[in-house]
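Only one structure is covered here, and it is reproduced in the block below.
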Amino acid sequence: MKNNNAAGRAANDRTYKMALLAVLVALTLVMSFTPIGYLKIGFLSITLLSIPVAISASKLGYLGGGVVGLLFGITSFAQCFGMDAFGTALFSLKPFATFVICVVSRLLCGLGAAAIYKLCNIKAKKPRVISYAAAGISAPLLNTLFFLSFLALFFGNTPVTVGEVELDVVKAVVLPALSINSVLEIVICSVLSFAILMALAQVEKRIRK
């Protein structure tokens, strides 16, 4: 009887995780192609897409963080085909570098957030609260770190023309993004991610009873 109950709980847990991944994938797609996901400020954007990345990294581990992070990157890269002026300008100059900036940085963001969550779960005395907070902060922080680092690496010495404006990427994009934009993004995403993760924890308690 105990074995049957354990098997049933394991099956329910797998079903829940598959459903959660499907929801997070759908949410990422919706946010990517609507104003919900990006708040435009000139050539820069504050993105909220690290929220589903943080949730998937916490609840679904490396696989979930990797899948949702990769999807975040692919949808970001898709916007470089005429949907985003700055991204389109980058792609016209260095297609492979633009792919790395958009896709690889977001994949690393998802995997990194999952690693930090797991590490905090091992080290913390109150793993849930500490780990959720760490994942919520690390996802937008790693997204900013990897994206801007790759951008500076590949385009630091390459002028980029957007419309009729020629930009020095480091001065016009990287440095401003490291100030108010990144701070706002990290604060907003970390607070929302933590709140959602805590709410999901309560839902999971009821499911597993």
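For the sequence shown, the working numbering begins at 9 and goes up steadily by one.
Glycine included, each C-beta is placed from N, C-alpha and C at the ideal position.
Fair warning: this is a prediction, and the values are worked out from it, not measured in the lab.
By how many angstroms is the C-alpha of residue j removed from the C-alpha of residue i?
i    : j    : result
I44  : T36  : 10 Å
R214 : L57  : 28 Å
G69  : A122 : 5 Å
P167 : S190 : 23 Å
Y24  : S84  : 28 Å
K126 : R22  : 19 Å
Y48  : F104 : Here residue 48 is Lys; the residue named in the question, Tyr, does not match the sequence. In a straight line, the C-alpha of K48 is about 24 Å away from that of F104.
R136 : A65  : 13 Å
I130 : A147 : 19 Å
A203 : I145 : 12 Å
I109 : N20  : 38 Å
Hey, out of the options, whose CA is closest to residue i's CA?
i    : options                 : result
V111 : L79, C128, Y140 and S53 : L79
L71  : C117, S146 and S53      : C117
I54  : S187, L101, F89 and G77 : S187
G81  : F41, F202 and L208      : F41
L287 : V76, L200 and V199      : Residue 287 cannot be examined here, being either before or after the span of the chain that is shown, 9 to 217.
I138 : A27, V199 and I109      : V199
Going by beta-carbon coordinates alone, are residue i and residue j separated by less than 8 Å?
i    : j    : result
L205 : F163 : no
A62  : A185 : no
P60  : L32  : yes
L150 : V182 : no
How should residue i be labelled, buried or exposed, when 16 other C-beta atoms within 10 angstroms of its C-beta is the threshold for buried?
i    : result
R114 : buried
F154 : buried
D92  : buried
T169 : exposed
M39  : buried
S157 : exposed
V211 : exposed
Please determine if the stretch 169 to 177 and the stretch 189 to 198 are in contact, where contact requires at least 3 C-beta pairs separated by less than 8 Å.
Touching, no, given that fewer than three Cβ pairs across the two stretches are closer than 8 Å.
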